[in-house]
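If you read the sequences in order, they're chains S and F. Position one of the first sequence corresponds to residue 1 (this note's numbering), numbered consecutively onward. Position one of the second sequence corresponds to residue 113 (this note's numbering), numbered consecutively onward. All C-beta atoms, glycine included, are put in the ideal place defined by N, C-alpha and C.
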Amino acid sequence: QQQVKQSPQSLIVQKGGISIINCAYENTAFDYFPWYQQFPGKGPALLIAIRPDVSEKKEGRFTISFNKSAKQFSLHIMDSQPGDSATYFCAATTSGTYKYIFGTGTRLKVLA
Amino acid sequence: SQTIHQWPATLVQPVGSPLSLECTVEGTSNPNLYWYRQAAGRGLQLLFYSVGIGQISSEVPQNLSASRPQDRQFILSSKKLLLSDSGFYLCAWSRDTSTGELFFGEGSRLTVL
Chain S
1 QQQVKQSPQS LIVQKGGISI INCAYENTAF DYFPWYQQFP GKGPALLIAI RPDVSEKKEG
61 RFTISFNKSA KQFSLHIMDS QPGDSATYFC AATTSGTYKY IFGTGTRLKV LA
Chain F
113 SQTIHQWPAT LVQPVGSPLS LECTVEGTSN PNLYWYRQAA GRGLQLLFYS VGIGQISSEV
173 PQNLSASRPQ DRQFILSSKK LLLSDSGFYL CAWSRDTSTG ELFFGEGSRL TVL
């Protein structure tokens, strides 16, 4: 029940295309869902996050879509660029706790 | 603004040797501090977290330990490294648990030979 299942494991997208990464969770107590971007040899950087009271959040080319009833959320990268090539992690946590449950990551490669 | 520093960035150690990884946070007070380990191609495993000086909670029993001697300093240690301790170690901090935001350091790559 504490797992966050992330898919796909890897993704190849052409420059200018849309990258979509999906995550699913079981624990309905989760109330904060961040996405992290990690470049090789670097720590994960907080990219964008959403709370269950909204269905979508957009920041630049990055959009989170959230489906509370299905217990799923996804990251959409519009107009994908080679510089977006990185590993993306979804995560979930419950406010007031110290536990963040991370997905297993998606390695994105954007072809020039 | 807040920054998090972690060192050393890279470390190669023989089996049985000790380990000390350090992490400091600047620009905030009384942060929650975390140590994670990331194995190659895998997700993030929480090792320890701390809500204050001297307060350490362990998530995974192993031969690692953590200490928080100062408010913004978090140290990961081992007396005798194992081969299985190799990995990418990440320090992280959060302001409090209400916002949910968690910020990571640059990581320390440990190779045990």
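Exposed or buried, what is residue i when buried is set at 16 or more other beta-carbons lying within 10 Å of its beta-carbon?
i: F:V127; result: exposed
i: F:P143; result: buried
i: S:S69; result: exposed
i: S:F39; result: exposed
i: S:I64; result: buried
Relative to the C-alpha of residue i, which candidate in the options has its C-alpha closest?
i: S:D79; options: S:Q3, S:K57, S:W35 and S:R61; result: S:R61
i: S:L75; options: S:A86, S:I20 and S:Y36; result: S:I20
i: S:I12; options: S:Y88, S:S95, S:P44 and S:F33; result: S:Y88
i: S:Q2; options: S:A24, S:K58, S:S10 and S:K42; result: S:A24
i: S:K109; options: S:K5, S:E56 and S:Q37; result: S:Q37
i: F:S141; options: F:D208, F:L222 and F:V224; result: F:D208
i: S:P8; options: S:A91, S:N22, S:C90 and S:P44; result: S:N22
i: S:F66; options: S:S85, S:G16, S:A86 and S:A91; result: S:A91
Could you check the C-alpha separation between residue i and residue j for me, to the nearest Å?
i: F:S115; j: F:P181; result: Ser is not the amino acid found at residue 115 of chain F; the sequence shown has Thr there. Distance between the alpha carbons of F:T115 and F:P181: 19 Å.
i: F:H117; j: F:N175; result: 24 Å
i: S:P82; j: F:R184; result: 36 Å
i: F:S179; j: F:G164; result: 10 Å
i: S:Q14; j: S:L111; result: 5 Å
i: F:S189; j: F:G166; result: 14 Å
**Request:** Could you name the residues of the stretch 190-219 of chain F whose beta carbon sits closer than 7 Å to any beta carbon of chain S, in the order they occur along the chain?
**Result:** L202, T209, S210, G212, E213, L214, F215, F216, G217, E218 and G219
**Prompt:** What residues from the stretch 16-33 of chain S come within 8 Å of chain F, judged by C-beta to C-beta, listed N to C?
**Reply:** Of all residues in the stretch 16-33 of chain S, only D31 and Y32 come within less than 8 Å of chain F when Cβ atoms are compared, listed by chain position.
**Against chain F: residues of the stretch 46-69 of chain S by CB proximity under 9 Å** = L46, A49 and R51
**Item:** At least 3 beta-carbon pairs within less than 8 Å: the stretch 102-111 of chain S vs the stretch 50-59 of chain S
**Value:** no
**Request:** Inspect the CB distances between the stretch 212-224 of chain F and the stretch 122-139 of chain F and report whether three or more fall short of 8 Å.
**Result:** Under the 8 Å Cβ criterion, the stretch 212-224 of chain F counts as touching the stretch 122-139 of chain F, having at least three qualifying pairs.
**Interfacial residues, the stretch 70-90 of chain S to chain F, with Cβ spacing under 8 Å** = Only those residues of the stretch 70-90 of chain S whose C-beta falls short of 8 Å from the nearest C-beta of chain F are listed: F89.
**Asked** So does the stretch 199-214 of chain F actually touch the stretch 31-46 of chain S, counting three or more Cβ pairs closer than 8 Å?
**Response** Short answer: they touch.
**Prompt:** Per the contact definition of three or more C-beta pairs closer than 8 Å, is the stretch 140-160 of chain F in contact with the stretch 194-208 of chain F?
**Reply:** yes
**Request:** Select from the stretch 139-158 of chain F all residues with a C-beta closer than 9 Å to any C-beta belonging to chain S, and list them in chain order.
**Result:** Cβ contacts with chain S: N144, Y146, Y148, Q150, G153, R154, G155, L156, Q157 and L158.
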